[in-house]
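**Q**
Number of protein chains: 2
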Amino acid sequence: MIRIAVDGMGGDYAPRVVVDGAVLAANDFPDLEIVLVGQPEPLKRELNRHKVVGGKIVIEPATEVIEMGDSPVQAIRKKKNSSMLVSIDLMKQKKADAFVTAGNTGAAVAASTLNLGLLPGIRRPGIAISIPSLRGISIAMDVGANINPSPEELYQYAVMADIYARAIYNKKSPTVGLLNIGEEESKGTDVLKEAYKLLRDSSLNFVGNIEGRDFFTGKADCIICDGFVGNVVLKMCESMVETALNLLSRELRKSPVSLLGAWLCKPALEAIRKETNYEEAGGAPLLGVNGRVIISHGISSARAIRNAIKVAGESVIKRVNERIVEELGNGTVKAGAYGKSSGAS
Amino acid sequence: MIRIAVDGMGGDYAPRVVVDGAVLAANDFPDLEIVLVGQPEPLKRELNRHKVVGGKIVIEPATEVIEMGDSPVQAIRKKKNSSMLVSIDLMKQKKADAFVTAGNTGAAVAASTLNLGLLPGIRRPGIAISIPSLRGISIAMDVGANINPSPEELYQYAVMADIYARAIYNKKSPTVGLLNIGEEESKGTDVLKEAYKLLRDSSLNFVGNIEGRDFFTGKADCIICDGFVGNVVLKMCESMVETALNLLSRELRKSPVSLLGAWLCKPALEAIRKETNYEEAGGAPLLGVNGRVIISHGISSARAIRNAIKVAGESVIKRVNERIVEELGNGTVKAGAYGKSSGAS
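Chains as they are written, first to last, in numbering that gives the first Met the number 0: chain A, 0 to 344; chain B, 0 to 344.
1. If you measure between the beta carbons of B:Ile316 and B:Ile162, is that distance less than 8 Å?
2. For A:Gly54, which residues does DSSP report across the bridge?
3. Taking C-beta to C-beta, are B:Glu63 and B:Asn47 nearer than 8 Å?
4. Under a Cβ-count criterion, where at least 16 other Cβ atoms within 10 Å of its own Cβ denotes burial, should B:Met0 be classed as buried or exposed?
5. Is the Cβ-Cβ distance between B:Ala157 and B:Val142 less than 8 Å?
6. Whose CA, out of A:Ser202, A:Ile304, A:Ser149, lies closest to the CA of A:Glu326?
7. Tell me the residue span of the alpha helix (DSSP H) that contains B:Arg44.
8. What is the DSSP secondary structure of A:Ala243, counted as helix, strand or coil?
9. When you compare only the Cα positions, how much space is there between A:Tyr154 and A:Arg123?
10. Please list the terminal residues of the continuous beta strand (DSSP E) segment that includes B:Met83.
11. Would you report the Cα separation of B:Lys136 and B:Asp220, rounded to the nearest angstrom?
12. Report the option in B:Glu269, B:Gly229, B:Lys253 whose CA atom is closest to the CA atom of A:Pro266.
13. What residue from B:Pro173, B:Ala97, B:Val99 has the CA that sits closest to B:Arg134's CA?
14. Thinking just about the alpha-carbon of each residue, which of A:Leu191, A:Met140, A:Pro131, A:Asn179 is nearest to the one in A:Pro150?
15. Does B:Lys234 have its Cβ less than 8 Å from a Cβ in chain A?
16. If the cut-off is 7 Å on Cβ atoms, which residues from the segment 138-152 of chain B count as contacting chain A, listed in chain order?
17. Check for me: the beta strand (DSSP E) holding A:Met140 runs from which residue to which?
18. In whole angstroms, what is the alpha-carbon distance linking B:Leu246 and B:Lys171?
19. Identify the residues that DSSP records as bridge partners of A:Leu203: which are they?
20. What's the gap between the Cα of A:Val34 and the Cα of A:Gly20?
21. Our contact map puts B:Val52 next to B:Glu32 with C-beta atoms below 8 Å; I'd like the distance itself, whole angstroms only.
22. Using beta-carbon positions only, say whether B:Ile304 and B:Ile3 come within less than 8 Å of one another.
23. Taking Cβ positions, are B:Asn320 and B:Leu23 nearer each other than 8 Å?
24. Helix, strand or coil for B:Lys339 per DSSP?
25. Is any beta-carbon of chain B found at less than 8 Å from that of A:Arg212?
26. Let me know if B:Gly338 comes out buried or exposed under the rule of 16 or more other beta-carbons within 10 Å of its beta-carbon.
27. Look up B:Ile358 in the DSSP assignment and say whether it is helix, strand or coil.
28. Does the CB of A:Val36 have a neighbour CB from chain B at under 8 Å?
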């Protein structure tokens with residue numbers, strides 16, 4: 000049985016919404032055992048509101064809570080008995096196969112890196128998020144773990160995103176694009192120019208630089224960027240849906256004819272909303288750490304938590320980390336200049 | 000009379016669409032004289048398709064054309080008689096008050112900087128674009144001129160964007176936000192942390208760091224960012240409207256009821272489209288150069304060109320550059336640590 004540790008205290012609406020999501024997951028995926036980590040009393044109280052029919056949920060006590068506003072470094076130094084650090088420890092001790100948290104992202108990245116270490120050969124972990132595009136799902140990496148990646152780190156993000164796209168989304172030969180301000184090889188910062196060369200010389204299906212306008216067109220299955228740009232873009236996307244709906248409802252209220260029209264369009268709008276909803280992806284794996292860590296949005300709904308738990312289970316079944324280690328180790332991924340000089344392939 | 004030089008050969012649909020836009024502007028703004036710069040034959044041919052009733056359009060010959068794909072440095076070195084360089088020369092010789100181009104942005108930035116020089120005290124020019132938000136117009140700066148700004152350069156972008164927002168949009172005390180990956184002062188790169196301090200200690204109405212999600216909420220009237228992030232975000236916005244409409248039409252075609260609904264909503268959708276359309280802003284000033292340069296999108300329509308010419312005229316009337324020089328010179332803008340140490344205020 001696959002055991003998923005879930006940070007019961009992490010997220011803006013924890014513990015309630017996290018427990019709700021855990022129950023949804025337990026009922027939908029009976030092959031998973033969910034370990035809710037956190038303060039037992041509140042967790043039990045929330046659990047008692049539900050009937051768990053499918054899978055199994057157990058509680059693992061952790062007295063402290065890392066708050067969303069805590070400094071990551073301070074938090075992981077001082078709150079050793081927090082739900083986040085206890086969860087990571089469960090993984091380290093092989094008592095859990097994966098970990099889902101909607102808590103403080105900075106703390107999750109720092110604690111995972113420090114306490115689990117990195118996969119062999121990997122220099123820095125990165126967050127890989129699934130985004131809807133006109134041609135299905137694309138992966139954007141990194142979206143917030145590393146705001147100043149080196150060319151080699153960007154190259155490694157491409158390697159990991161490629162494996163993730165193949166393992167989870169069954170893409171045969173995922174296209175890889177480097178997010179830049181122009182298509183020409185000469186565009187962008189020195190770091191990007193160097194990363195371009197590494198990607199071009201690798202065995203990845205590199206389609207060159209892509210621009211902001213290509214983000215949702217599916218021009219690349221894997222969109223490689225630094226964590227600063229990735230984070231800004233991601234947060235912007237989230238707000239754009241809201242902004243668009245805001246504008247729409249403002250305009251529609253101006254006339255009864257439009258209101259009727261809106262009512263008739265509702266199923267189509269709902270379909271789009273669902274297709275573009277971050278909840279459907281639910282969680283983004285922190286790839287590169289020696290453990291399976293799935294990071295969810297702080298404002299995650301129960302459905303988003305349920306889907307993050309699903310992603311965690313899939314990471315185990317589809318052997319994402321094992322494949323990263325294997326393919327980097329046996330040279331399935333032909334490294335470019337970087338691999339040649341450092342001997343990583 | 001205000002004279003606006005227009006790059007007749009710049010843009011994906013030049014010269015036709017540029018001439019169409021110039022004619023629209025001439026008819027709508029009879030106080031402007033428009034100098035169409037470029038190859039006389041094609042320009043005359045296009046002009047002959049129209050009747051100019053309001054203002055005045057003259058042609059200034061320039062034999063060469065800087066292409067969209069040209070290397071900026073090569074282009075400005077070799078194509079001395081291009082429409083872009085001739086236009087900038089007209090400004091230098093005070094034969095034009097402002098310049099509008101939908102051509103190669105990199106070449107426009109480089110040529111303007113090199114041939115016109117910078118305003119006193121300014122270190123690097125930046126592109127300030129007007130974007131629609133839920134609370135009116137915001138200014139984002141820089142969106143592509145400077146991908147690696149120093150803290151001082153970011154600070155100066157804030158000073159210029161603030162003046163632009165006051166001069167053009169009559170904002171009383173524009174709010175200034177620094178685009179970052181979190182609201183806390185400690186977030187982001189070292190450059191951003193340093194820029195935060197300069198902004199905090201200045202007399203600007205600094206509201207702190209803002210995130211991607213604040214881009215369209217109007218949380219800041221002036222959104223300050225480096226040209227890399229600004230460019231990616233800008234291009235993404237453009238494509239999102241298209242992506243949304245694509246998704247919508249795909250969904251709506253699935254049922255006749257939705258199709259009827261869509262037809263009834265059409266006026267509301269059109270209103271939003273107009274409100275969020277880049278064409279309405281038309282052009283983005285390159286602030287900081289000693290001249291008035293308005294940069295338009297390569298795919299500009301005639302309406303966008305017309306509006307860019309309007310922006311150019313307003314820059315002259317509202318004395319944007321003069322105000323930048325005055326306020327930096329007389330200390331109206333109280334500089335932070337940077338100003339104190341360098342004596343710029």
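C-beta: ideal position from N, C-alpha, C; glycine also.
**A** Answer, in terms of the structure:
1. no
2. Paired residue(s): none; A:Gly54 is not in a bridge.
3. no
4. exposed
5. no
6. A:Ser202
7. Note, B:Arg44: alpha helix (DSSP H), 39-46.
8. DSSP, read as helix, strand or coil, puts A:Ala243 in helix.
9. 11 Å
10. Note, B:Met83: premise wrong, no beta strand (DSSP E); alpha helix (DSSP H) at 82-91.
11. Looking at the sequence itself, residue 136 of chain B is Ile, so the reference to Lys does not match. In a straight line, the C-alpha of B:Ile136 is about 7 Å away from that of B:Asp220.
12. B:Lys253
13. B:Pro173
14. A:Leu191
15. yes
16. Taking 7 Å as the Cβ-Cβ cut-off against chain A, the residues of the segment 138-152 of chain B that qualify are Gly143, Ile146, Asn147.
17. 135-140
18. 40 Å
19. Its beta-bridge partners do not exist; DSSP assigns none.
20. 12 Å
21. Rounded, the Cβ-Cβ distance is 15 Å, inconsistent with contact.
22. no
23. Their beta carbons are not under 8 Å apart, which means B:Asn320 does not touch B:Leu23 by this criterion.
24. Any reading at B:Lys339 must be qualified, since the residue scores a pLDDT of 40, below 50, and its modelled position is unreliable; no value is offered.
25. yes
26. Its pLDDT being 43, under 50, B:Gly338 is placed unreliably in this model, and the coordinates cannot settle the point.
27. The question about residue 358 of chain B has no answer here: the residues shown for chain B are numbered 0 through 344.
28. no
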